[in-house]
Structure formats: structure tokens, C-alpha cells
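Notes to accompany the following structure.
Residue numbers (my numbering): 3 to 196.
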């Protein structure tokens with residue numbers, strides 16, 4: 003079993019969200035996946051390069067730094083579009099479940115990957131790791147006025163998150179077209195008692 007990336011260092015661009023900042027930077031790692039970078043860190047922090055801090059709601063300029071040490075406990079979630087295909091020989095079969103994750107002041111929807119051949123309750127009980135990967139994710143904050151954005155991967159801080167599954171998107175306008183069409187098709191009633 004040969005891993006072409008084993009032992010080679012690579013740079014991954016990341017965006018980290020805290021309750022006050024959006025932090026852009028890169029991390030140098032030998033890990034294949036972002037979730038491994040976060041979950042297998044020996045330290046309670048990561049060090050990013052080429053960093054910019056943008057405070058939510060601020061009209062000031064972002065803070066730029068060559069390096070920054072970021073406390074992982076303060077990170078709500080990490081966004082990455084760096085797709086890494088799993089090696090077939092190292093892949094663990096998982097079942098995919100749609101979930102909504104509340105991590106105030108944000109919400110994240112997407113696919114969580116759970117151990118198969120279990121009930122959803124059991125699979126959620128066995129979901130471990132400091133950061134839970136969510137694929138094909140959408141994230142936003144109505145409170146902060148942050149519009150919906152999508153990413154290939156959002157790694158959510160498990161200690162700060164509430165995971166609700168299964169989750170189905172409901173269209174609040176579904177069925178309204180039919181009732182509007184029915185209202186316009188009805189002849190207007192004659193006024194009575196005037």
C-alpha cells in the first residue's frame with residue numbers, strides 16, 4: 003500500500019471561523035486530510051502562515067500577519083476546498099447522512115459520515131473527534147448577517163456543536179404556486195348585502 007503523499011509536506015489554504023473573526027491562512031502539513039490536521043494535532047493550537055483576521059461587523063481593515071497561532075478551542079469551524087481523494091485501501095466504509103449543525107452564531111448543513119450497520123442513534127453516539135468533517139457543506143449566520151456559502155469540507159468543532167440528523171431541506175414556498183393558481187382561477191364572488 004503506497005501513499006503518494008506520505009512524508010511529503012504540502013500547504014493547504016484554510017478559513018477558520020471563531021465567534022468574532024474570520025481567519026484566512028495556510029498551514030504546512032504532512033497529513034492528507036484537513037480533519038486529520040485538526041484531530042491529530044499534538045498541540046491545542048495550529049500555526050498558520052500568510053494570515054488575515056477580519057472581525058465580524060467591523061468596518062476597519064483586516065489584520066495581516068506573517069504567522070499566527072490559533073487556539074483550536076476557540077475555532078467554531080474550519081472551511082477548506084482542498085479535496086483529497088481517500089486511498090481505496092485505507093478507506094473505511096461509512097454511511098452518509100444529511101445533518102444540520104448548530105454552532106452559534108452559525109449553522110452548517112451537509113453530509114456527515116457515520117459508521118454503517120447501526121441505527122442513526124448508535125452511529126451518532128459513536129461519532130468522535132475534536133473536529134467533525136461535513137462534506138458538500140453550506141454555512142451561514144443570520145445573526146451576523148453572513149450569507150450562505152458552500153464548501154467541499156467544513157470541519158466543525160465537536161465540543162461546540164449540536165448535530166441534528168437526519169435533516170431535510172424544506173421549501174417554505176412549496177405548494178403556494180398551486181394555491182395562488184387556484185385563487186386566480188376562481189371567479190370573483192358577487193358582493194352580498196350592500
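Ideal Cβ positions, reconstructed from N, Cα and C, are used throughout, including at glycine. The structure displayed is predicted, hence computed values, not measured ones.
Asked, Found
"Using the beta-carbon count (16 or more within 10 Å), is residue 2 buried or exposed?", "In the structure as shown, the chain begins at 3 and stops at 196. Residue 2 is therefore absent and cannot be evaluated."
"Quick one: Cα of residue 48 to Cα of residue 170, how far?", "34 Å"
"Given residue 75, which residues of its chain have a CB within under 7 Å of its CB, disregarding the five upstream and five downstream residues?", "46"
"Check residue 124 in the structure and name its three-state DSSP category.", "helix"
"Note down, in chain order, each residue of its chain lying with its Cβ closer than 7 Å to the Cβ of residue 41, except the 5 sequence neighbours on either side.", "131, 132 and 133"
"Spatial neighbours of residue 27 within its chain, please: CB distance less than 7 Å, with the 5 preceding and 5 following residues excluded, ordered by chain position.", "16, 50, 51, 52, 53 and 70"
"Rounded to a whole number of angstroms, what is the C-alpha to C-alpha distance between residue 164 and residue 113?", "14 Å"
"I need the DSSP call for residue 5, collapsed to helix, strand or coil.", "In this prediction, residue 5 scores a pLDDT of 48, lower than 50, which makes its location untrustworthy; no coordinate-derived value is stated."
"Going by alpha carbons, who is nearest to residue 128 out of 96, 145 and 153?", "96"
"Can you list, in chain order, the residues of its chain with a C-beta nearer than 7 Å to that of residue 150? Leave out the 5 residues immediately preceding and following it.", "140 and 142"
"Would residue 55 and residue 23 qualify as a contact pair, given that the criterion is a beta-carbon distance under 8 Å?", "yes"
"Determine the closest residue to residue 68 out of 59, 61 and 29, with distance taken between C-alpha atoms.", "29"
"Bridge partners of residue 109, per DSSP?", "104 and 142"
"Using C-beta distances below 8 Å, list every residue in its chain close to residue 168, excluding the 5 sequence neighbours before and after it, in chain order.", "99, 100, 101 and 122"
"Does DSSP put residue 117 in a helix, in a strand, or in coil?", "coil"
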